[in-house]
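**Student:** Taking the working numbering, the leading residue of the sequence shown gets 31, the next gets one more, and so forth.
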Amino acid sequence: MCIFKKVAVLMGGTSNEREVSLVSGRNVAEALASLGRFEVVPVVLDSDDLGALPDGVDACYVTLHGGWGENGGVQAALDARGIPYTGPGAAASRTTMDKIATKKVLDAAGVPTAPWFVESDTRWTPAANAFELSFPCVVKAPRDGSSVGVYLVKRPEDYARAVSEARRIDREKFGGSGEALVEAFLPGREMTVGVLGREVLPVVEICAPGGWYGYEEKYNSDETRYPFPEDAFLPEMQRLARAAFDATGCRGVTRVDFRVTPGGRMYVLELNTSPGMTGHSLVPKAAAKTGLSFPQLCDRVLGTATHD
């Protein structure tokens with residue numbers, strides 16, 4: 031049982047995902063309060079600092095999505111204060127929020143990812159897992175989240191514009207050097223695996239209308255379905271999710287997203303170290319499959335809180 035008493039639920043923030051974070055935060059605060067064991071303090075952040083955090087907090091439940099809340103910023107600030115918090119530490123958060131850094135770590139660990147290269151002022155192609163550009167392909171701003179700055183490019187004439195926009199987002203929003211991650215588009219099924227502490231949760235399949243799981247399909251569409259598949263390869267997918275979690279230094283709860291080709295090959299797309307806790311979110315769905323109610327899930331996540 032979690033020993034914390036006064037718990038701040040951090041939500042809001044300054045990223046593109048602020049509105050989703052507010053929904054996640056309110057849900058978590060309500061769930062923890064319903065347990066009757068915590069003094070729950072909802073804390074809405076409007077800037078990239080902890081100025082709104084009250085004194086005497088025993089732990090922070092981080093429901094910030096993207097930006098300072100997920101790139102190691104809030105984690106480093108909480109480390110400096112010695113306050114336990116949910117989710118990975120600052121170093122792992124920086125890695126997993128950077129899609130290019132994540133690719134390098136997973137490639138080195140032998141975890142399969144979609145073939146890729148980076149577009150920048152001078153095009154750089156990694157020595158391994160690269161591909162010759164073909165269409166469709168996927169262009170991503172490497173340090174944004176929640177499918178913001180992600181473009182499915184179906185025609186060659188649209189490629190330069192997508193790369194330019196992704197690079198602009200990297201420069202102007204994140205202070206990067208202006209990079210765009212380009213991945214081979216892998217046809218097939220999309221699935222996700224939550225990892226909670228040492229437990230790997232059931233695999234959830236994502237069946238989005240039109241086969242594209244973007245921002246609208248994630249948060250606003252009631253047409254996206256989330257069945258629990260029964261394929262023989264699911265134990266291997268769960269093993270790979272655990273391997274990705276460990277390779278990137280994650281802790282707490284993380285969602286690992288996969289693409290499965292028609293031939294049954296599995297590729298990790300990315301890791302989400304502050305997964306959503308909304309009515310459309312996937313970790314709560316997977317936890318419920320194991321018998322955990324939403325308040326019980328929040329309690330379990332809070333119990334993993336620590337600091338570096």
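Glycine included, every Cβ here is placed at the ideal spot set by N, Cα and C.
#1: So, for Pro114: in the same chain, excluding its five sequence neighbours on each side, which residues have a beta-carbon less than 6 angstroms away from its beta-carbon?
#2: So, helix, strand or coil for Gly218, using DSSP?
#3: Within a Cβ cutoff of 7 angstroms, which residues of the same chain sit near Pro257, ignoring the five residues on either side of it in sequence?
#4: May I ask you to verify whether the region 53-66 touches the region 78-89, counting CB pairs closer than 8 angstroms and requiring at least 3?
#5: Which partner residues does Tyr353 have in the DSSP bridge list?
#6: Looking at Thr284 and Thr303, is the spacing between their C-beta atoms short of 8 angstroms?
#7: Along the chain, where does the alpha helix (DSSP H) that runs through Leu136 open and close?
#8: In terms of residue numbering, what span does the beta strand (DSSP E) encompassing Gly42 cover?
#9: My guess is that Gly43 and Gly102 are in contact by the Cβ rule of under 8 angstroms, so how many angstroms apart are they, rounded?
#10: When the distance is taken between beta carbons, is Pro145 closer than 8 angstroms to Phe161?
#11: May I ask you to list the residues that DSSP assigns as paired with Leu182?
#12: Where does Asn57 sit, in a helix, a strand or coil, going by DSSP?
#13: Closest to Arg295 by C-alpha separation, out of Glu202, Pro325, Leu216, Val50, would be which residue?
#14: Tell me whether Arg330 sits in a helix, a strand or coil according to DSSP, three-state version.
#15: Give a yes or no on whether the C-beta atoms belonging to Pro118 and Gly279 are separated by under 8 angstroms.
#16: Pull up the DSSP beta-bridge partners for Ile236, would you.
**Tutor:** The structure says:
#1: Cβ neighbours of Pro114 beyond the five flanking positions: Ala89, Ala335, Thr336, His337.
#2: coil
#3: These residues qualify, in order along the chain: Glu235, Cys237.
#4: They do not touch, by the three-pair rule.
#5: As displayed, the chain neither begins before 31 nor continues past 338, which places residue 353 out of reach and without an answer.
#6: Yes, the pair counts as a contact, with Cβ atoms nearer than the cut-off.
#7: 129-139
#8: For Gly42, the enclosing beta strand (DSSP E) starts and ends at 36-42.
#9: In fact, because the Cβ distance is near 13 angstroms, the residues do not count as touching under 8 angstroms.
#10: yes
#11: Val168
#12: helix
#13: Leu216
#14: helix
#15: yes
#16: DSSP output for Ile236 lists Glu220 as bridge partner(s).
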